[in-house]
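K.L.:
In our numbering, the protein residues as written are 782 to 1165. Each residue gets a CB set at the ideal place from its N, CA and C atoms; glycine is no exception. Please read these numbers as outputs of a predicted model, since none were measured by experiment.
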Amino acid sequence: MRIHILSALLVLMLLSSGCIAPLNGAGERGISSPGQTPEVSSHPTTPPTTWTNPFVKWENSTVSLPGQDAELSCPGILWRYILRDALPCMLGREELEVISPLAEELKGEDLTQSAWNVLAWEEEWLSYDWEKAKQPFAKVVIYPDGRQEVVDGQNNTIQTPYETIMRRTGICTDYTVLTDALLLAMNYSPVYAMAINLTDLGHATALVKINGWYFALDQHLPPMDLGAYYRYWERQGSRIINATLYEITQGGEKASVKVLGVVTGEEFLNQDYIMGDADARNLAVSMMNLLYSRFGLEADESLKSLSDGKLPKGYKAGWTWGVTYYNLADYYHPFFHEEYAEWLLSQMLSDQEFAGYVQKSDAVWIEVKIEGEDLILTIYLGSS
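Below is the structure:
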């Protein structure tokens, strides 16, 4: 991210996409000369958000948070508009304490399970704020004497983690700060964030690093390694040009934020796991083990004959169920093997018809196949 000084005046901009974008000072648009005084006054520091019923749900649990956000003592106003300034301020000790009851509820046995749980909860609890994304970009003017003023997009601020939880909505920067905050509150440190330059907009995402691999945690399941994340944006009709990578570690009053560097789009492809047939077989076995532990279904490969219209010997009835998960073979990574098995099974069991067949059955066989970037599951059920 670049800062351009023009006529001893510094101008910082966030693009109107509503998400983080590179600081842009290449044009003269909206730049005030030192002799001009903008008519818009400085945006005041807002008081801490309060909430009458600060309850949050996760699966079958209800979590109670404090009725008021932390009172953050951050200098200036940039921490409300610029990601790199928001991270140390909003990820400090006081803010983490406010959201710690939720973090404790979401924390899993390790970082992989915890990261997965955070994304699953965000999918369930939050929604993207399209109205906020349409607001004008925030433009902050910093004068040589240190004064800071917002001259446009005053309301397009980055939310604190508490604000995003309570409002149940946000844009990419809000999700990024919240995701990192929850993981830090679980005592996982360091965590990471990216300010991404796409071909047509700016974006931001949180990341974790597991055994040397970076995984983007971008609002929805599943986590993606960098190669898969690069192709994800290609499927959206965009392309990653580059990204600034931040490392965030727990600190005292403020978190410690370090710029690790700028990653080019092509460098994303250096971390790119390719799902193989062994992964597919292992995933099928794990899902069958889950069905055995929960419903007592024995694994029986002879049920594959159902695909030919033949009921295997010893069974009175049989059912075949097929589902295709588009692009999931591309997103898969074995570090999240157990989470994938649980997730896929829970999605299928959410279908009442499939759940009914499971209840009638006492045996199962599952095939998982890779076709291109898609994952195809076939489940054979039998009642003896």
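In the DSSP assignment, find the unbroken beta strand (DSSP E) run with Ser1037 in it and report its ends.
P.N.:
Position 256 of the sequence shown, counted from the start, is the residue given in the question as residue 1037. Per DSSP, Ser1037 belongs to the beta strand (DSSP E) from 1037-1045.
K.L.:
With 16 as the cutoff for other CB atoms within 10 Å, does Asp891 come out buried or exposed?
P.N.:
As a working note, residue 891 is residue 110 in the sequence shown. That one is exposed.
K.L.:
Are there 16 or more other CB atoms within 10 angstroms of the CB of Phe1172, so buried, or fewer, so exposed?
P.N.:
Residue 1172 is absent from the structure shown; the chain starts at 782 and stops at 1165.
K.L.:
I need the straight-line Cα distance from Pro882 to Thr941, nearest angstrom please.
P.N.:
Stepping through the sequence shown from its first residue, residue 882 is reached at position 101. Stepping through the sequence shown from its first residue, residue 941 is reached at position 160. Distance between the alpha carbons of Pro882 and Thr941 is about 16 Å.
K.L.:
Spatial neighbours of Leu1162 within its chain, please: CB distance less than 8 Å, with the 5 preceding and 5 following residues excluded, ordered by chain position.
P.N.:
Within the sequence shown, residue 1162 is the residue found at index 381, counting from 1. Excluding positions up to five away in sequence, the list reads Leu1078, Leu1084, Gly1099, Trp1100, Thr1101, Trp1102, Tyr1138, Val1139, Lys1141, Ser1142, Ala1144, Val1145.
K.L.:
Taking contact to mean at least 3 C-beta pairs separated by less than 8 Å, is the segment 966-978 in contact with the segment 906-918?
P.N.:
Touching, no.
K.L.:
On the CB-based measure, 16 or more other CB atoms within 10 Å of its CB, does Ile939 come out buried or exposed?
P.N.:
Taking the first residue of the sequence shown as 1, we reach residue 939 at position 158. Result: buried.
K.L.:
How should Ile946 be labelled, buried or exposed, when 16 other C-beta atoms within 10 angstroms of its C-beta is the threshold for buried?
P.N.:
As a working mapping, residue 946 is identified with position 165 in the sequence shown. Result: buried.
K.L.:
Between the C-alpha atoms of Tyr909 and Ile923, what's the straight-line distance to the nearest angstrom?
P.N.:
Translated into the one-based positions of the sequence shown, residue 909 becomes position 128. Translated into the one-based positions of the sequence shown, residue 923 becomes position 142. One C-alpha to the other measures close to 31 Å.
K.L.:
With a Cβ-Cβ cutoff of 8 Å, do Tyr1022 and Trp1014 count as a contact?
P.N.:
Counting from 1 along the sequence shown, the entry for residue 1022 is found at position 241. Counting from 1 along the sequence shown, the entry for residue 1014 is found at position 233. Tyr is not the amino acid found at residue 1022; the sequence shown has Ile there. No, these two residues do not count as a Cβ contact at 8 Å.
K.L.:
Helix or strand or just coil, what does DSSP make of Phe1135?
P.N.:
One-based indexing of the sequence shown puts residue 1135 at position 354. If DSSP states are grouped into helix, strand and coil, Phe1135 belongs with the helices.
K.L.:
Under 8 Å Cβ to Cβ from Thr831, same chain only, skipping five residues before and after it: list those, please.
P.N.:
Mapped onto the sequence shown, residue 831 falls at position 50. Counting only Cβ-Cβ distances below 8 Å, and skipping sequence neighbours, we find Gly848, Gln849, Asp850.
K.L.:
Would you call the segment 930-939 in contact with the segment 1034-1043, where contact means no fewer than 3 C-beta pairs closer than 8 Å?
P.N.:
They do not touch, by the three-pair rule.
K.L.:
So that I know if they touch, is there some Cβ in chain D lying closer than 8 Å to that of Leu846?
P.N.:
Protein chains in the displayed structure number just one, and chain D is not present.
K.L.:
Work out the CA separation of Ser854 and Glu886 for me, nearest whole Å.
P.N.:
Here the question's residue 886 lines up with position 105 in the sequence shown. Here the question's residue 854 lines up with position 73 in the sequence shown. The alpha-carbon atoms of Glu886 and Ser854 are separated by roughly 28 Å.
K.L.:
Per DSSP, what kind of secondary structure is Tyr995 in: helix, strand or coil?
P.N.:
By one-based count along the sequence shown, residue 995 stands at place 214. Residue state, collapsed to three classes: strand.
K.L.:
So does the segment 1126-1133 actually touch the segment 889-906, counting three or more Cβ pairs closer than 8 Å?
P.N.:
With a cut-off of 8 Å, the segment 889-906 and the segment 1126-1133 do not count as touching, because too few Cβ pairs lie within range.
K.L.:
Quick one: measure Cβ to Cβ for Glu1048 and Thr893, integer angstroms, because I've assumed they're closer than 8 Å.
P.N.:
Counting from one through the sequence shown, the residue named residue 1048 turns up at place 267. Counting from one through the sequence shown, the residue named residue 893 turns up at place 112. About 23 Å separates the two Cβ atoms, so there is no contact after all.
K.L.:
Judging by CA-CA distance, which residue of Ala1024, Leu1002, Ala1136 is the nearest neighbour of Phe1117?
P.N.:
Position 336 of the sequence shown, counting from 1, holds the residue named residue 1117. The shortest Cα separation from Phe1117 among Ala1024, Leu1002, Ala1136 belongs to Leu1002.
K.L.:
Below 8 Å on the Cβ atoms is my contact criterion, and I expect Val921 with Tyr1010 to pass it. Report the Cβ-Cβ distance as a whole number of Å.
P.N.:
Position 140 of the sequence shown, counting from 1, holds the residue named residue 921. Position 229 of the sequence shown, counting from 1, holds the residue named residue 1010. Not really, about 29 Å apart at Cβ, beyond 8 Å.
K.L.:
Within 10 Å of its beta-carbon, does Ser788 have 16 or more other beta-carbons around it, so buried, or fewer, so exposed?
P.N.:
For the purposes of this step, residue 788 is identified with residue 7 of the sequence shown, where counting begins at 1. Reliability of the predicted coordinates at Ser788 is poor, the pLDDT of 34 falling under 50, and the value obtained from them is presented with this limitation in mind. The residue is exposed, with fewer than 16 neighbouring Cβ atoms inside 10 Å.
K.L.:
Taking Cβ positions, are Ser1019 and Thr980 nearer each other than 8 Å?
P.N.:
Walking along the sequence shown from the start, residue 1019 turns up at place 238. Walking along the sequence shown from the start, residue 980 turns up at place 199. For Ser1019 and Thr980, yes; Cβs fall inside 8 Å.
K.L.:
Give the straight-line distance between the Cα atoms of Ile858 and Glu878, rounded to the nearest whole angstrom.
P.N.:
Within the sequence shown, the letter at position 77 stands for residue 858. Within the sequence shown, the letter at position 97 stands for residue 878. Spanning the two alpha carbons is a distance of roughly 23 Å.
K.L.:
Please find out if some non-hydrogen atom of the ligand FAD comes closer than 7 Å to the beta-carbon of Ser1074.
P.N.:
In the structure shown, the ligand FAD is absent, as is every other ligand, since no ligand is present at all.
K.L.:
Between the Cα of Pro971 and those of Gly927, Leu1007, Leu1041, spot the shortest distance and give me the residue it belongs to.
P.N.:
Reading the sequence shown from its first residue, position 190 is the one you call residue 971. Answer by Cα proximity: Leu1041.
K.L.:
Output the distance between the C-alpha atoms of Leu1087 and Asp1081, rounded to the nearest integer angstrom.
P.N.:
As a working note, residue 1087 is residue 306 in the sequence shown. As a working note, residue 1081 is residue 300 in the sequence shown. Cα-Cα distance, rounded: 12 Å.
K.L.:
Could you compute how far the alpha carbon of Gln1000 sits from the alpha carbon of Lys1097?
P.N.:
Counted from its first residue, the sequence shown places residue 1000 at position 219. Counted from its first residue, the sequence shown places residue 1097 at position 316. Those two C-alpha atoms are separated by around 45 Å.
K.L.:
Please report how far the alpha carbon of Val1043 lies from the alpha carbon of Tyr1027, in whole angstroms.
P.N.:
Position 262 of the sequence shown, counting from 1, holds the residue named residue 1043. Position 246 of the sequence shown, counting from 1, holds the residue named residue 1027. The alpha-carbon atoms of Val1043 and Tyr1027 are separated by roughly 9 Å.
K.L.:
Drop a sphere of 10 angstroms on the beta-carbon of Asp1089, count the other beta-carbons inside from all chains shown, and report buried for 16 or more, exposed for fewer.
P.N.:
What you label residue 1089 is simply residue 308 of the sequence shown in a count that begins at 1. Answer is exposed; the Cβ neighbour count stays below 16.
K.L.:
For Glu820, which residues of its own chain have a beta-carbon under 7 Å away from its beta-carbon, when the five flanking residues on both sides are left out?
P.N.:
Residue numbering aside, residue 820 sits at position 39 when the sequence shown is read from its first letter. Any reading at Glu820 must be qualified, since the residue scores a pLDDT of 35, below 50, and its modelled position is unreliable; the value itself is stated next. Result list for Glu820: empty, nothing under 7 Å.
K.L.:
Taking the alpha carbon of Leu1064 as the point to measure from, which residue in Leu1156, Ile1029, Glu944 has its own alpha carbon closest?
P.N.:
Residue 1064 sits at position 283 when you count from the first residue of the sequence shown. It is Leu1156.
K.L.:
Ignoring anything shorter than 3 residues, give me the beta strand (DSSP E) runs that lie fully in the segment 1087-1148, in order along the chain.
P.N.:
Fully enclosed beta strand (DSSP E) runs of 3 or longer: 1098-1106.
K.L.:
Excluding the five sequence neighbours on either side, which residues of its own chain have a C-beta within less than 7 Å of the C-beta of Ala1061, listed in chain order?
P.N.:
Translated into the one-based positions of the sequence shown, residue 1061 becomes position 280. Excluding positions up to five away in sequence, the list reads Val1149, Lys1150, Ile1151.
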